[in-house]
Structure formats: structure tokens, C-alpha cells
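Worksheet: one structure, shown below.
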Amino acid sequence: MGKPVLMDFFADWCGPCHQQSPIIDELRRRMGDRVEIRKIDVGVDSEETQRYAVKYDLQFVPTLVIEKDGQVVRKLVGVQDLATLESILKPLVEK
């Protein structure tokens with residue numbers, strides 16, 4: 001079984017995304033390599049960002065998508081606190 005992946009969909013122009021960023025950085029420090037964290041700038045128009053937008057039905061930023069073994073576990077819209085993210089991810093790394 002693979003490790004969970006947290007995808008942080010953000011845009012540089014998004015104020016709440018700037019609030020989410022240090023929380024994600026702290027999560028990375030706490031969880032270490034037990035969780036793969038990807039920051040994806042969807043404020044840039046490209047084929048890749050369009051594919052993400054369709055695949056995950058991205059309508060707002062920040063949006064966090066947590067996957068485990070290729071399956072979406074949770075999709076969270078808006079700024080999420082550290083405790084919420086840890087409570088979702090810890091059981092996924094302990095399996």
C-alpha cells in the first residue's frame with residue numbers, strides 16, 4: 001500500500017491560499033515522508049491545470065485533495081487547520 005498524497009491546489013492571487021500555505025508546511029514537518037505533499041498552482045492556465053480542474057471538479061481555491069492508493073479519500077475546500085489535516089492523514093499512514 002502506498003502512502004497518502006495530499007494535493008494543495010492554490011493560486012498566487014488567492015489570499016486564503018497564502019493562509020493555507022504555512023499550515024501545509026507545518027504538516028510536512030510533522031508528517032515527514034509518511035505523506036507525499038504536492039503543491040499545484042492552478043492559477044496558471046495550462047493543459048495540466050485544466051486536467052486537474054476536471055478530474056477533481058476544482059471550483060474554488062484553496063482546495064485540498066487527499067488520495068490513498070489512487071482513490072480520493074477526502075476533498076476539502078477552503079482553509080483547513082492543522083488538526084483537521086492530521087486527523088485525516090494519521091489513520092492513513094498507520095494502516
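Counting along the sequence shown from 1, when you hit position 82 you're at 82 in the UniProt record's numbering, and nothing is skipped either side.
Backbone N, C-alpha and C define an ideal beta-carbon position, used for all residues, glycine too.
Beta-carbon separation (whole angstroms), residue i vs residue j, contact threshold 8 Å
{"i": "D8", "j": "Q20", "result": "7 Å"}
{"i": "L82", "j": "E26", "result": "6 Å"}
{"i": "L85", "j": "V73", "result": "Incorrect: roughly 12 Å between the Cβ atoms, too far for contact."}
{"i": "I37", "j": "R51", "result": "Rounded, the Cβ-Cβ distance is 20 Å, inconsistent with contact."}
{"i": "I23", "j": "Q80", "result": "7 Å"}
{"i": "K68", "j": "P4", "result": "5 Å"}
Beta-carbon proximity check, residue i vs residue j, cutoff 8 Å
{"i": "L6", "j": "V42", "result": "no"}
{"i": "C17", "j": "V61", "result": "yes"}
Per-residue DSSP class, three states only, for residue i
{"i": "V79", "result": "coil"}
{"i": "residue 96", "result": "Lying before the first or after the last residue shown, residue 96 is absent from the chain, which here runs from 1 to 95."}
{"i": "L27", "result": "helix"}
{"i": "Q59", "result": "coil"}
{"i": "V44", "result": "coil"}
Paired residues, beta bridge with residue i - DSSP
{"i": "E36", "result": "V5"}
{"i": "V72", "result": "E67"}
Status (buried if at least 16 other CB within 10 Å, exposed otherwise) for residue i
{"i": "F10", "result": "buried"}
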